[in-house]
Amino acid sequence: MATNNFIPTVWSENLYRELTKKYIAVANSNREYEGEIKQKGDTVKICGVGNISVYDYVKNSDLYTPDEISKQTCDLVIDQAKYFNFQIDDIDRAQADPRLMGLAMKNAADAIANDADKFIYGLYSEAGKSLTAEVSVDTIFDKLIEARTLLAKSNVTDPSDIVFEVSPDIAALILKAKVNLATENTDALENGCIGSIAGCKIFVSNNIYRIQSDLGAIEHKCLARTKRAIAYAEQISEIIAYRPELRFADAVKGLHLYGAKTVYPSEMVLMNFSIAEQA
């Protein structure tokens, strides 16, 4: 790929397309608020409205004064700026498949997606509710239902709004439990999804935080949340092809700007799971 044939818009679109395939945490977040992001420190306005009251209707009686609906806003700060920068030597380029640059861009998308997903999972401490338990094959299903119940008590009534996001080790317990995971259409499952329990989809990510407790146990910071609990916004700010001055190579660098904010903490449960030792 000669740099003079490089079209930034096309490669940015390709990168976005690859990111969409790779995201798990980002895909399970609200992305409606993405606006014009140009640099780190920019803010995206998240708009909402207050609650609306419901009253008993009495025939031939005056209605109460209408609720005054005022716009409520909060800021999502674009506080993350990450870049990639890779080069392909001319000799490698001449001997390799012409798709080499495309494959390198896919690897860049993998790295960006992992970075953004891990950032979102790092918001686990902002969950409005938490559930701490030592889990096993025999208890994992009950604990997932317990987390689902906590969300129901926050008026999350539609299970299709809820996702469980677990680490690979916790996912292994779920699979070993031989629970009937609904997979309506296996071909249509999103990236990382292994099926659903009680109407809630289960996603597996290696970016779920695992932290060693003071007692030495590994705590898996899994999440149960609605897709509006966390808002996320991003922009591929720049993507540039260039020839490094001291190398015979083509190079590409890109700048990824993003931010995330917990908007509805009551709709997120931290499932602080440790795995019980087998007898």
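Each number in the working numbering comes from the position in the sequence shown (counting from 1) with 7 added on. Think of the CB as a built atom: it goes at the ideal place given N, C-alpha and C, for glycine as much as any other residue. Nothing here was measured: the structure is a model prediction, and the numbers come from that model.
Legend entry - Delimiting residues of the alpha helix (DSSP H) encompassing Leu230: Indexing the sequence shown from 1 puts residue 230 at position 223. Not the alpha helix (DSSP H): Leu230 falls in the beta strand (DSSP E), residues 225-233.
Inset, instruction - Could you check which residue in Lys208, Leu277, Ala231, Asn114 has the C-alpha nearest to that of Tyr23? - result: Residue 23 sits at position 16 when you count from the first residue of the sequence shown. Taking only the C-alpha atoms, the option nearest Tyr23 is Asn114.
Legend entry - Cβ-Cβ distance between Ala116 and Glu241 below 8 angstroms: On the sequence shown, position 109 is the one that residue 116 refers to. On the sequence shown, position 234 is the one that residue 241 refers to. Against a cut-off of 8 angstroms, the Cβ pair of Glu241 and Ala116 comes out as no contact.
Inset, instruction - Find out if the Cβ-Cβ distance for the pair His263, Ile243 is shorter than 8 angstroms. - result: Along the sequence shown, read from residue 1 onward, the residue named residue 263 stands at position 256. Along the sequence shown, read from residue 1 onward, the residue named residue 243 stands at position 236. Going by C-beta atoms, His263 is nearer than 8 angstroms to Ile243.
Inset, instruction - In the DSSP assignment, find the alpha helix (DSSP H) that holds Arg155 and state where it starts and stops. - result: Counting from one through the sequence shown, the residue named residue 155 turns up at place 148. 147-159 is the span of the alpha helix (DSSP H), which, as asked, contains Arg155.
Legend entry - CA-to-CA distance, Leu70 to Asp124, given in whole angstroms: Locating residue 124 in the sequence shown gives position 117, where the first residue counts as 1. Locating residue 70 in the sequence shown gives position 63, where the first residue counts as 1. Separation of Asp124 and Leu70 (C-alpha to C-alpha, rounded to the nearest whole angstrom) is 49 angstroms.
Legend entry - Straight-line Cα distance separating Tyr64 from Glu274: Position 267 of the sequence shown, counting from 1, holds the residue named residue 274. Position 57 of the sequence shown, counting from 1, holds the residue named residue 64. Taking the straight line joining both Cα atoms gives about 31 angstroms.
Legend entry - Backbone secondary structure at Arg24 - three-state DSSP: Translated into positions along the sequence shown, residue 24 becomes position 17. Three-state result, Arg24: helix.
Inset, instruction - Please name the residue or residues paired with Thr217 in a DSSP beta bridge. - result: Position 210 of the sequence shown holds residue 217. In the sequence as presented, Thr is not what sits at residue 217; that position holds Arg. Looking at the DSSP assignment, Arg217 forms a beta bridge with His227.
Inset, instruction - Could you tell me the distance, in whole angstroms, from the CA atom of Ile204 to the CA atom of Glu39? - result: Counting from one through the sequence shown, the residue named residue 204 turns up at place 197. Counting from one through the sequence shown, the residue named residue 39 turns up at place 32. Approximately 27 angstroms, taken between the alpha carbons.
Inset, instruction - Can you give me the start and stop residues for the alpha helix (DSSP H) that Ala88 sits inside? - result: The residue labelled residue 88 in the question sits at position 81 within the sequence shown. Looking at the DSSP string, Ala88 is not in any alpha helix (DSSP H); the run it does join, the beta strand (DSSP E), is 87-96.
Inset, instruction - Output the boundary residues of the beta strand (DSSP E) element that contains Ile237. - result: The residue given as residue 237 occupies position 230 in the sequence shown. Segment 237-249, the beta strand (DSSP E) holding Ile237.
Legend entry - Local Cβ density within 10 Å of Ser36, reported as buried at 16 or more and exposed below that: Locating residue 36 in the sequence shown gives position 29, where the first residue counts as 1. Result: buried.
Inset, instruction - Give me the Cα-Cα distance between Asn214 and Tyr128, rounded to the nearest whole angstrom. - result: Taking the sequence shown and counting its residues from 1, one reaches residue 214 at position 207. Taking the sequence shown and counting its residues from 1, one reaches residue 128 at position 121. So the alpha carbons of these two residues sit roughly 7 angstroms apart.
Legend entry - For Lys45, the nearest candidate out of Ser60, Gln94, Thr80, Asp86 (CA to CA): Taking the first residue of the sequence shown as 1, we reach residue 45 at position 38. Cα-wise, what sits closest to Lys45 is Asp86.
Inset, instruction - Report the rounded CA-to-CA distance for Val276 versus Asn67, giving the unit in angstroms. - result: Within the sequence shown, residue 276 is the residue found at index 269, counting from 1. Within the sequence shown, residue 67 is the residue found at index 60, counting from 1. Roughly 46 angstroms between the two C-alpha positions.
Legend entry - Neighbourhood of Ser60 by C-beta, 6 angstroms cutoff - its chain only, sequence neighbours within 5 removed: Along the sequence shown, read from residue 1 onward, the residue named residue 60 stands at position 53. Result list for Ser60: Asp74, in chain order.
Legend entry - DSSP state of Val51 mapped onto helix, strand, coil: As a first step, residue 51 must be located in the sequence shown, where it is residue number 44. If DSSP states are grouped into helix, strand and coil, Val51 belongs with the strands.
Inset, instruction - With DSSP collapsed to three states, give me the class of Asp176. - result: Your numbering for residue 176 matches position 169 in the sequence shown. Residue state for Asp176 is assigned as helix, using DSSP reduced to three classes.
Inset, instruction - Taking Ala258 as part of the beta strand (DSSP E), name the residues at either end of that continuous run. - result: Numbered from 1 along the sequence shown, position 251 holds the residue referred to as residue 258. Note, Ala258: beta strand (DSSP E), 256-269.
Inset, instruction - Give me whichever residues DSSP pairs with Val170 in a beta bridge. - result: What you label residue 170 is simply residue 163 of the sequence shown in a count that begins at 1. Partner(s): Lys208, Arg232.
Legend entry - Counted within 10 angstroms of its Cβ, other Cβ atoms place Cys81 as buried (16 or more) or exposed: Here residue 81 refers to the residue found at position 74 of the sequence shown. Its Cβ having fewer than 16 others within 10 Å, Cys81 is exposed.
Legend entry - For Ile127, the first and last residue of its enclosing alpha helix (DSSP H): Taking the first residue of the sequence shown as position 1, residue 127 is located at position 120. First-last of the alpha helix (DSSP H) with Ile127: 107-128.
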